[in-house]
Amino acid sequence: STVAAARLRAMATLFEGAEGSLVKVSWTDKDGKEHAASLRRDWHAREITLSVRRQGEVGVISFDAFTSSVAVEFLRALKTSLRGVRGLVIDLRGNGGGEAEAMAEMASAFLAGGQSLGRFTDRAGRVALEPHARTRMLYGADEIERNGLPLVLLTSERTASAAEIFTAALREAGRATVVGTNTCGCVLAIRRRHQLPDGGVLDISEMDYRTAAGTRLEGSGIAPDERVLVERKDLFNDYDRALALALKLLKEKNH
1 STVAAARLRA MATLFEGAEG SLVKVSWTDK DGKEHAASLR RDWHAREITL
51 SVRRQGEVGV ISFDAFTSSV AVEFLRALKT SLRGVRGLVI DLRGNGGGEA
101 EAMAEMASAF LAGGQSLGRF TDRAGRVALE PHARTRMLYG ADEIERNGLP
151 LVLLTSERTA SAAEIFTAAL REAGRATVVG TNTCGCVLAI RRRHQLPDGG
201 VLDISEMDYR TAAGTRLEGS GIAPDERVLV ERKDLFNDYD RALALALKLL
251 KEKNH
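The numbering of the sequence shown is our numbering, which starts it at 1 and goes up by one.
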């Protein structure tokens with residue numbers, strides 16, 4: 001949907017190929033020296049998991065998709081392993097979206113029940129879906145416990161779809177500060193997959209999305225409150241510049 005997203009897809013296709021075949025790559029190290037290598041292609045089943053850890057007095061949560069199981073783990077972690085923290089960082093930099101209901105479930109931990117998470121409209125302009133924050137879990141019988149901790153969301157050009165809706169909803173409600181780079185701007189939705197005569201399937205974007213405030217995200221995405229670019233030296237030194245700023249902002253809010 002955006003130039004950034006197209007660039008990522010183009011880069012990904014360069015690594016596609018038959019399992020066991022080789023792909024040649026080259027890169028430049030921090031001293032400017034060029035290197036080359038051949039990598040063997042291998043396929044792995046994608047495993048969607050939720051990572052939760054404490055960093056000082058801050059809880060850091062990361063996951064790469066919104067699913068029902070992730071939503072249950074997320075809400076449980078807020079009440080158990082992260083109880084007592086003074087701030088939260090939710091890392092959405094590699095999150096490409098997922099299930100709208102799971103996203104709504106997780107956003108509900110930070111928003112008042114009934115608050116709009118935006119709306120999807122069809123090609124005729126009719127409202128097709130309008131998710132709201134809820135008070136009880138859809139994927140469980142428990143009441144959703146509201147969390148009022150200071151919150152920072154980390155985003156990148158790989159933050160897409162439901163992750164963008166989650167980000168927009170929390171920021172518009174004044175519940176989160178966004179740190180990182182511009183999101184993908186990839187929020188058009190499909191109703192269903194269309195079967196083709198040859199056995200293939202065709203996905204056609206049939207619904208557009210606007211935030212509760214009426215902002216259209218498709219093609220433009222969400223600009224962060226604090227823009228943080230990844231520098232080459234950060235990669236070599238294993239330094240997460242965006243996370244460091246998020247922790248700094250939360251520390252300032254708590255003092």
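Virtual Cβ for every residue (Gly too), placed ideally from N, Cα, C.
Give the C-beta separation of residue i and residue j to the nearest angstrom, bearing in mind that I take them to be a contact with Cβ-Cβ under 8 angstroms.
| i | j | result |
| --- | --- | --- |
| T167 | I222 | 6 angstroms |
| A256 | A162 | A question about residue 256 goes unanswered here, because the residues of the chain that appear run from 1 up to 255. |
| V178 | P224 | 4 angstroms |
| L153 | I90 | 5 angstroms |
To which residues of the same chain is residue i closer than 6 angstroms at the C-beta, ignoring the five residues directly before and after it?
| i | result |
| --- | --- |
| L111 | A133 and A173 |
| F256 | This structure cannot speak to residue 256, because the chain is shown only from 1 to 255. |
| L82 | G59 |
| E231 | none |
| L88 | G59, L149 and L151 |
Would you call the CB atoms of residue i and residue j closer than 9 angstroms?
| i | j | result |
| --- | --- | --- |
| F63 | V72 | no |
| N254 | R41 | no |
| E105 | L138 | yes |
| R158 | A109 | no |
| T155 | R93 | yes |
| A165 | G118 | Note that residue 165 is Ile in the sequence shown here, rather than Ala. Contact: yes. |
| R123 | E206 | yes |
What does a CB cutoff of less than 8 angstroms around residue i pick up in its chain, not counting 5 residues either side in sequence?
| i | result |
| --- | --- |
| E218 | S1, G185, C186, V187, L188, D208 and Y209 |
| G17 | V23 and R41 |
Cutting at 7 angstroms between CB atoms, please list the residues of its own chain near residue i, excluding the five before and the five after it.
| i | result |
| --- | --- |
| L229 | T181 |
| E34 | S26 and T28 |
| I144 | L75, S108, A109, R134, T135, R136 and M137 |
Notebook entry, point to check: Of all the beta strand (DSSP E) runs that stay within the bounds of the segment 60-107, which reach a length of 3 or more residues?
Noted result: 87-91
Note to self: Quick check: the segment 232-248 against the segment 53-68, are at least 3 beta-carbon pairs closer than 8 angstroms?
What the structure shows: yes
Next item on the list: Entirely within the segment 155-242 and at least 4 residues each: give me those alpha helix (DSSP H) ranges in chain order.
Entry: 162-172 and 232-237
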